[in-house]
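Trainee: Sharing a structure below in structure tokens format, with a few things to ask.
Number of protein chains: 2
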Amino acid sequence: MQNPLRQIPEAFADIISLQTYRKGQLLHRAGQRCHTLFLVKTGALRSFYLVEERDVTAHFALEYGLVGAVDSIMKGTSSRYSIEALEDSTVYELNYAELEGHLNRHPGQERLARQVTQLLYLDLVERLEGMTFLSARARYEHLLERYPGITQRVSLGHIASYLGITQETLSRVRRQG
Amino acid sequence: MQNPLRQIPEAFADIISLQTYRKGQLLHRAGQRCHTLFLVKTGALRSFYLVEERDVTAHFALEYGLVGAVDSIMKGTSSRYSIEALEDSTVYELNYAELEGHLNRHPGQERLARQVTQLLYLDLVERLEGMTFLSARARYEHLLERYPGITQRVSLGHIASYLGITQETLSRVRRQG
DNA sequence: CGCCGAGTTGAACTGAATCAAGAAACGTGG
DNA sequence: CCACGTTTCTTGATTCAGTTCAACTCGGCG
Numbered sequence: 006m007q008n009p010l011r012q013i014p015e016a017f018a019d020i021i022s023l024q025t026y027r028k029g030q031l032l033h034r035a036g037q038r039c040h041t042l043f044l045v046k047t048g049a050l051r052s053f054y055l056v057e058e059r060d061v062t063a064h065f066a067l068e069y070g071l072v073g074a075v076d077s078i079m080k081g082t083s084s085r086y087s088i089e090a091l092e093d094s095t096v097y098e099l100n101y102a103e104l105e106g107h108l109n110r111h112p113g114q115e116r117l118a119r120q121v122t123q124l125l126y127l128d129l130v131e132r133l134e135g136m137t138f139l140s141a142r143a144r145y146e147h148l149l150e151r152y153p154g155i156t157q158r159v160s161l162g163h164i165a166s167y168l169g170i171t172q173e174t175l176s177r178v179r180r181q182g
Numbered sequence: 006m007q008n009p010l011r012q013i014p015e016a017f018a019d020i021i022s023l024q025t026y027r028k029g030q031l032l033h034r035a036g037q038r039c040h041t042l043f044l045v046k047t048g049a050l051r052s053f054y055l056v057e058e059r060d061v062t063a064h065f066a067l068e069y070g071l072v073g074a075v076d077s078i079m080k081g082t083s084s085r086y087s088i089e090a091l092e093d094s095t096v097y098e099l100n101y102a103e104l105e106g107h108l109n110r111h112p113g114q115e116r117l118a119r120q121v122t123q124l125l126y127l128d129l130v131e132r133l134e135g136m137t138f139l140s141a142r143a144r145y146e147h148l149l150e151r152y153p154g155i156t157q158r159v160s161l162g163h164i165a166s167y168l169g170i171t172q173e174t175l176s177r178v179r180r181q182g
């Protein structure tokens, strides 16, 4: 089992809970604190924030994707992000404070925690590099590699804002794939 | 002492070493493995990689900034990044494998390690958001807030590639600051 | 039916890239 | 301390990818 994220439900079974959400439901609302990590079992989530009236997708989480209000979790402040279910979803939930306690009691799992963190970090590095010098088309193709079939599940507008381009541009890019 | 990075030299004193480099010297060369983390005591470093003949700055590290070949450290592969001294610099060096051993022996310092990781992560999130929807000018102003006085120390071309814009554009942006 | 959100298409506009010269600044050796 | 070549920075003209604004299509769904 290569993907560390898949090991989470079992490894942290005693502090994890499973919730279900309906499409469109908010798991967390911007402006509030949130100390929960969400790991998608089935379905799809996204985190997003507002920039000048615009809804910008920060992150997608499909099956065994992880999402959270990272700013709130790490800084303890209220969060700029909201988290929304894009489909009916079942979601593992993990309280960050409980996670820290659990890791203190089971130091052997620090390694898994660190692997997960590194995975998230590398993901972000790759995305950042893509945003630095890829064209709209190249960003879209890159996304399709990382999230195959995402276009069938997520609306064009959400994908466009995630890629930092307009919906119109993405529509045109896609037409002559 | 709020900044966790400043606690590193003391906390990891027994596994850290101090090296000096001359301006222009490479601390690490792309294509090789690198398991060393570099923490700037004095001077300035940058990591960079090549995209289609172009030299792109991935990261700057000024005083108490941290830089490493993250891909190599985390995946154990050879690295796409090189690391270069932008000024004569004195640099704390920390071997990642030794760090893991040290953390096993001193689990009380896992917390510091995690704080550092989170700091790096949040930094990246912020940068990513900036790249997603800020104009060239806004990115530059944003950079100046995060690295005051960097323009006096780092060449225009390095800054431009870091911001994902051309040197010419940055020159124009700066002229009418 | 008619509305509504999501996607498409078109035309005009614009910020930034590209290409091409020059002008400063810099270091090195005479 | 100056002369030279190299690198860094600036400036201009042109082009282009992507935005903006606006209208229109399509597929549900009440």
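The listed protein sequences correspond, in order, to chains W and C. Using my numbering, read the first sequence as starting at 6 and increasing by one per residue. Using my numbering, read the second sequence as starting at 6 and increasing by one per residue. Think of the CB as a built atom: it goes at the ideal place given N, C-alpha and C, for glycine as much as any other residue.
(1) Please identify the residue among Gln-181/C, Val-121/C, Val-75/C and Asn-100/C whose C-alpha is closest to the C-alpha of Ala-35/C.
(2) Using a Cβ-Cβ cut-off of less than 7 Å, give me the residues of the region 129 to 146 of chain C that come near chain W, in sequence order.
(3) In terms of DSSP beta bridges, what is Asn-8/W paired with?
(4) Does the Cβ-Cβ distance between Val-178/C and Arg-151/C come in under 8 Å?
(5) Compare the C-beta of Asp-76/W with all C-beta atoms of chain C and state if any pair is closer than 8 Å.
(6) Flag Glu-150/W as yes if its beta-carbon sits less than 8 Å from any beta-carbon of chain C, otherwise no.
(7) How would you label Ala-102/C, buried or exposed, when you count the other beta carbons within 10 angstroms and need 16 or more for buried?
(8) Using 10 angstroms around the beta-carbon of Arg-132/W, count the other beta-carbons present and answer buried if the total reaches 16, otherwise exposed.
(9) Going by Cα to Cα distance, which pick from Leu-55/W, Lys-80/W and His-147/W is closest to Gln-7/C?
(10) Run through chain C and tell me which residues come within less than 7 Å of Gln-123/W, C-beta to C-beta.
(11) For Tyr-126/C, decide whether its Cβ has a neighbour in chain W, counting only Cβ atoms nearer than 8 Å.
(12) Identify, in the order they occur along the chain, each residue of the same chain with its Cβ nearer than 6 Å to the Cβ of Gly-162/W, setting aside the five sequence neighbours on each side.
(13) List the residues of chain C that Glu-195/W touches, going by C-beta distances under 7 Å, in chain order.
(14) On the CB-based measure, 16 or more other CB atoms within 10 Å of its CB, does Leu-104/C come out buried or exposed?
(15) Judging by CA-CA distance, which residue of Tyr-26/W, Pro-153/W, Gln-181/W and Met-136/W is the nearest neighbour of Ser-166/W?
Mentor: Checking against the coordinates, here is how it stands:
(1) Val-75/C
(2) Leu-129, Val-130, Arg-132, Leu-133, Met-136, Thr-137 and Phe-138
(3) For Asn-8/W, which the question treats as bridged, DSSP gives no partner whatsoever.
(4) Cβ distance not < 8 Å, so Val-178/C and Arg-151/C don't count as in contact.
(5) Using a CB distance cut-off of 8 Å, Asp-76/W counts as an interface residue toward chain C.
(6) False, the Cβ-Cβ gap to chain C never drops below 8 Å.
(7) exposed
(8) buried
(9) Lys-80/W
(10) Met-79
(11) yes
(12) Gln-172
(13) With chain W represented from 6 up to 182, any question about residue 195/W goes unanswered, as that position is not in the structure.
(14) buried
(15) Met-136/W
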